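All remarks here apply to the structure that follows.
Number of protein chains: 2
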Amino acid sequence: MKESEIIKKLVKTFDYTDRSIIEGPGDDCAVIDLGDKKNFYIFTVDDLVENTHFLMDYLKPSEVASRLVRMNVSDIYSMGDAVPIYCLVSSGINDKKIDNEWLADFIKALKKELDFFGVKNIGGNISKSETVFFTLSLCGKVSKKGITRRCGAKAEDILCCVGNMGDVKAAVETMLSKKRDFFTSDEKKLFGSFVKPRIYKDYASCISKYASSMLDNSDGLYRSLEIISEVNSVRVKLDINSLSFVASKSLKRWSVLNHKDFKEYVISGGEDYNLIFTVPEKNINKLKSDIKDVHIIGRLENGYGVDISEYEGKIHYFEHF
Amino acid sequence: MKESEIIKKLVKTFDYTDRSIIEGPGDDCAVIDLGDKKNFYIFTVDDLVENTHFLMDYLKPSEVASRLVRMNVSDIYSMGDAVPIYCLVSSGINDKKIDNEWLADFIKALKKELDFFGVKNIGGNISKSETVFFTLSLCGKVSKKGITRRCGAKAEDILCCVGNMGDVKAAVETMLSKKRDFFTSDEKKLFGSFVKPRIYKDYASCISKYASSMLDNSDGLYRSLEIISEVNSVRVKLDINSLSFVASKSLKRWSVLNHKDFKEYVISGGEDYNLIFTVPEKNINKLKSDIKDVHIIGRLENGYGVDISEYEGKIHYFEHF
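Chains L and Z, in that order, give the protein sequences.
Per the working numbering, the very first residue in the first sequence carries number 2; after that it's consecutive.
Per the working numbering, the very first residue in the second sequence carries number 2; after that it's consecutive.
Quick look at the structure:
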């Protein structure tokens, strides 16, 4: 079974009809009403697994920590006017691969990253494991007025994003082909997007004032657009020419040097953790005056599916699993 | 670093002074005040890792599911008048080891176990991993009046427990020495304590009315008593003769057949998930009239450390890591 099939099987098996569960699986976070007047509580979990998400001898412990925290808090901020609050850290440790120095550096960096996002550690677990893994469970809150879910978009809404896309796909290919000592300055920047992705924590709350739906782009742009289409029963038209503005300069220069089409990286990349959202046309000018670096990348229409008809390149699905 | 050293390092690094954090690491659950008048929210995480906690070709998927759920909800109930409510399930899956049938059986059993304890799944994560692992994060609540922590015990309190101890250590040794097809009826019962430990969910709330402190026995009796001593600055005197009543009949028969001392299994076992608690003397008769199968196994005294001076056998520390 693929990840998506397993999730379908889980959703079919479990019962999400409890009144306190505003949203179960299917959005970036589970949304729970614990009776607080102003806020919902939100929950998410994600992990970094050796040889699937990172190579032990390639990343520094501080880089594993920053990626672990950022990929997780991204899910919290993508819920709109939201903040992460508490975390539990669970880990599978192999003492042949992780020594005391590695662990001390990891813990130090974890503390720094959690502090940066205002997250308080409240506990965790350590197990012995041949494969090294780290699991971060987060609890946060989102204001009931400022929640921005994947659903809520309508035909005629404007498709927007903040942040670059495609960098991580290029970084992963680079890591698989050479040692980091030989990185060009552009490759160093792409690698930086992988180990310490920029999280739009100061944007999400502002975006939530204007947006009709939002998600983080962890599954890649094409899959993100499919999700918007599926959840909202709309057709999503992507403006291919706009992708020049959402690709970083480093990705564009790297693509030229490596005879690649940067648009393929933007469309089929994954784990970029920027924000994709939809905005009713009447709000777009207010949003643009508040956030200068928002990109308009398309529009929603009546219908179904994703329209990238102007694009002639390849589409790959990014699969986490 | 050992597990205990890593936890000390983590506790030293992180800051648990936030007013909402009633208890960080150091108890069975983290205890958080989210502003509810009557209840605290409690959080715990634990995982099952292949080759550390279970062997893929030894356990059925339903057994992995039952053990995963029970070892986790045990931490919730050991907080006293508490119930588990929500869970996130994270997993590392290896498709060479886990096929669709295995996964379907696991999900079915997981649902059944979660339903039994009233836990609602609200999401999760699936990653590819060479080593199979499952991580369960739980959120529950405990009444502010009925919370029973590890601290709170005083000299002269009576040391009590419910449930058997030592079964799991005997089960693990049996699993390592023979295939399950060759289990005797006693070995089947011991194995049952491993894959589907009894959880004292209907006892915990009642015990909380009388107890001064409580913990689940996941680290083994000797370590549990050390914890009571350390946290409460008391000396814990164990009545060795009482151990005859807390060892199961299966363990006692198995010990005779295998030339073992059952007391060693009770004292040095681990992962039994029964409840250990302390009760002020004035409450003991009321407790015994409410719960018939409570065992008195010792007493707290002024001083420090664990007194098992009547015991001449070995003491092993149970190490999860």
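Even for Gly, the Cβ is constructed at its ideal location relative to N, Cα and C.
Since we're looking at a predicted model, the values are computed, not measured.
State buried or exposed for residue i, treating a residue as buried only when at least 16 other CB atoms are found within 10 Å of its CB.
i, result
"Glu282 (chain Z)", "exposed"
"Phe107 (chain Z)", "buried"
"Ala248 (chain L)", "buried"
"Leu252 (chain Z)", "buried"
"Arg181 (chain L)", "exposed"
"Arg20 (chain L)", "exposed"
"Ser186 (chain Z)", "exposed"
"Asp47 (chain Z)", "buried"
"Asn101 (chain Z)", "exposed"
"Lys190 (chain Z)", "buried"
"Asn259 (chain L)", "exposed"
"Tyr42 (chain Z)", "buried"
"Asp96 (chain Z)", "exposed"
"Phe246 (chain Z)", "exposed"
"Asp29 (chain Z)", "buried"
"Glu188 (chain L)", "buried"
"Lys39 (chain Z)", "exposed"
Could you give the distance in angstroms between the alpha-carbon of residue i and the alpha-carbon of residue j?
i, j, result
"Ser243 (chain Z)", "Ile298 (chain Z)", "5 Å"
"Lys210 (chain L)", "Phe278 (chain L)", "12 Å"
"Asn303 (chain L)", "Leu222 (chain L)", "20 Å"
"Val257 (chain Z)", "Lys250 (chain Z)", "11 Å"
"Lys13 (chain Z)", "Leu89 (chain L)", "16 Å"
"Ile228 (chain Z)", "Ala172 (chain L)", "48 Å"
"Arg300 (chain Z)", "Tyr274 (chain Z)", "21 Å"
"Tyr17 (chain L)", "Lys10 (chain L)", "13 Å"
"Phe271 (chain Z)", "Cys161 (chain Z)", "Correcting the residue identity first, residue 271 (chain Z) is Gly in this sequence and not Phe. In a straight line, the C-alpha of Gly271 (chain Z) is about 17 Å away from that of Cys161 (chain Z)."
"Arg68 (chain L)", "Tyr201 (chain L)", "14 Å"
"Phe263 (chain L)", "Lys3 (chain L)", "27 Å"
"Glu24 (chain Z)", "Gly193 (chain L)", "36 Å"
"Asn233 (chain Z)", "Ile77 (chain Z)", "21 Å"
"Leu276 (chain L)", "Ile208 (chain Z)", "49 Å"
"Val163 (chain L)", "Met215 (chain Z)", "50 Å"
"Leu239 (chain L)", "Glu64 (chain Z)", "48 Å"
"Lys261 (chain L)", "Asn286 (chain L)", "35 Å"
"Leu35 (chain Z)", "Leu35 (chain L)", "9 Å"
"Val280 (chain Z)", "Leu111 (chain L)", "40 Å"
"Ile123 (chain L)", "Met80 (chain Z)", "16 Å"
"Ala83 (chain Z)", "Asp37 (chain Z)", "14 Å"
"Glu114 (chain Z)", "Val120 (chain Z)", "8 Å"
"Pro62 (chain L)", "His317 (chain L)", "30 Å"
"Gly153 (chain Z)", "Ser213 (chain Z)", "5 Å"
"Val307 (chain L)", "Ile241 (chain L)", "12 Å"
"Glu231 (chain L)", "Tyr87 (chain Z)", "27 Å"
"Ser225 (chain L)", "Arg150 (chain L)", "13 Å"
"Met57 (chain L)", "Ala66 (chain L)", "12 Å"
"Thr175 (chain Z)", "Glu6 (chain Z)", "30 Å"
Run through the DSSP bridge pairs and tell me what residue i is partnered with.
i, result
"Ile148 (chain L)", "L:Gly81"
"Tyr42 (chain Z)", "Z:Ile33 and Z:Lys142"
"Asp308 (chain L)", "L:Lys238"
"Gly336 (chain Z)", "Residue 336 (chain Z) falls outside the range modelled here, since chain Z spans only 2 to 322, and no answer is possible."
"Thr53 (chain L)", "Bridge partners of Thr53 (chain L): none, in fact."
"Lys287 (chain L)", "Answer is none; Lys287 (chain L) lacks a bridge partner."
"Thr279 (chain L)", "L:Leu160 and L:Ser214"
"Pro26 (chain Z)", "Z:Asp28"
"Lys129 (chain Z)", "Z:Ile94"
"Thr136 (chain L)", "L:Asp48 and L:Ser91"
Is there at least one non-hydrogen atom of the ligand ADP closer than 8 Å to the beta-carbon of residue i?
i, result
"Arg199 (chain L)", "Only the bare structure without any ligand can be found here, which leaves the ligand ADP out of the picture."
Run through the stretch 187 to 228 of chain Z for me and flag every whole beta strand (DSSP E) of 3 or more residues, listed as ranges in chain order. Runs found: 214 to 217.
Which residues, taken in chain order from the stretch 125 to 140 of chain L, show a beta carbon closer than 8 Å to some beta carbon of chain Z? The stretch 125 to 140 of chain L vs chain Z, Cβ under 8 Å: Gly125, Asn126, Ile127, Ser128, Lys129, Ser130, Glu131, Thr132, Phe134, Thr136, Ser138 and Cys140.
Tell me the start and end of each unbroken beta strand (DSSP E) in the stretch 65 to 125 of chain Z that is at least 3 residues and wholly inside, in chain order. You should have 81 to 94.
Looking at chain Z, which residues of the stretch 152 to 171 of chain L have a Cβ within less than 9 Å of any of its Cβ atoms? When CB distances to chain Z are screened at a threshold of 9 Å, not a single residue of the stretch 152 to 171 of chain L falls below it.
The stretch 30 to 55 of chain L: positions lying closer than 9 Å to chain Z by Cβ: Against chain Z - using a Cβ distance shorter than 9 Å - the residues of the stretch 30 to 55 of chain L are Cys30, Ala31, Val32, Ile33, Leu35, Gly36, Asp37, Tyr42, Phe44, Thr45, Val46, Asp47, Asp48, Leu49, Val50, Glu51, Asn52, Thr53 and His54.
Could you run through the stretch 9 to 20 of chain L and flag, in chain order, every residue whose CB is less than 8 Å away from some CB of chain Z? If the cut-off is 8 Å between Cβ atoms, the stretch 9 to 20 of chain L has Lys10, Leu11, Thr14, Phe15, Asp16, Tyr17 and Asp19 near chain Z.
Please list the residues of the stretch 71 to 91 of chain L that have a C-beta atom closer than 7 Å to any C-beta atom in chain Z, keeping them in chain order. Taking a C-beta cut-off of 7 Å against chain Z, the contacting residues of the stretch 71 to 91 of chain L are Tyr87, Leu89 and Ser91, listed in chain order.
Closer than 8 Å, Cβ to any Cβ of chain L: which residues of the stretch 185 to 209 of chain Z, in chain order? Residues of the stretch 185 to 209 of chain Z whose Cβ lies closer than 8 Å to any Cβ of chain L: none.
Interface positions of the stretch 278 to 295 of chain L facing chain Z (Cβ-Cβ less than 7 Å), listed along the chain: When C-beta distances to chain Z are compared with 7 Å, every residue of the stretch 278 to 295 of chain L stays at or above that value.
Members of the stretch 104 to 124 of chain Z near chain L, C-beta cut-off 9 Å: Correct list: Leu104, Ala105, Ile108, Lys109, Leu111, Lys112, Leu115, Asp116, Lys121, Asn122, Ile123 and Gly124.
Contacting positions in the stretch 250 to 275 of chain Z - beta carbon closer than 9 Å to chain L: Within the stretch 250 to 275 of chain Z, no residue has a Cβ lying closer than 9 Å to any Cβ of chain L.
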